[in-house]
Amino acid sequence: MANKNDFWFPNDDDDDNDYDNDVRRRTNNNPGVGAMSRYHDVQYRTTKHVEAGSELFLDYGIPWFQARESQMGIVTPFEPHYAKADQIVTHFHNYYISKTKQQTLHSGGMHDEEEGQHSLFFMDLWSVIRYMESSTEEKLFHLSTRHPTTMHAIRQRDGNTNNKDDDELL
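Residues 1 to 170 in the UniProt record's numbering are what the sequence shown spells out, letter by letter.
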């Protein structure tokens, strides 16, 4: 059975396919309730062997999404961005944990102004991760210049006290 979702992927012409919207025939007691498709007589070709009963997943590839950005919006991150996103999230997580430990050790916790700066930093950090493909070196540089206190704390935690560009850190 092939998974088909026209809501996000309007990628083929269904005029030649049979469509059956009567899902009432499948009740919760039916063992095949989740193994059904409203589309019938749909044909696919594959370049690899597919075991009987397997589900097919189509790999649209990055260019397919990029070509439809005006219809779907930005769809990122893509697989080539995963390692860098993991690195950024790891730094974020470690920094957050160190801040939490500091708050626990010091009875006063963070001052409201400092807490607000860190919240803005995390919002900007998420923006960089979310729009990884369009994040330029300039945007990464601005992340560090807009939040020097937070970036300094991350550098100290990582043992990197020199003032190299923070895109190396991220």
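Every residue, glycine too, gets a C-beta built ideally from N, C-alpha and C.
- A distance below 8 Å separates the beta carbons of Ile88 and Leu125.
- Residue burial annotation: Tyr95 is buried, with at least 16 other C-beta atoms found within 10 angstroms of its C-beta.
- In this structure, the alpha-carbon of Asp59 lies about 22 Å from that of Asp86.
- Cβ neighbours of Phe65 within its own chain (closer than 6 Å, five residues either side excluded): Val75.
- Membership of Pro63 in the alpha helix (DSSP H) is indicated by the continuous run 62-67.
- Rounded to the nearest whole angstrom, the CA to CA distance from Thr46 to Pro63 is 20 Å.
- The DSSP-derived three-state label of Leu120 is helix.
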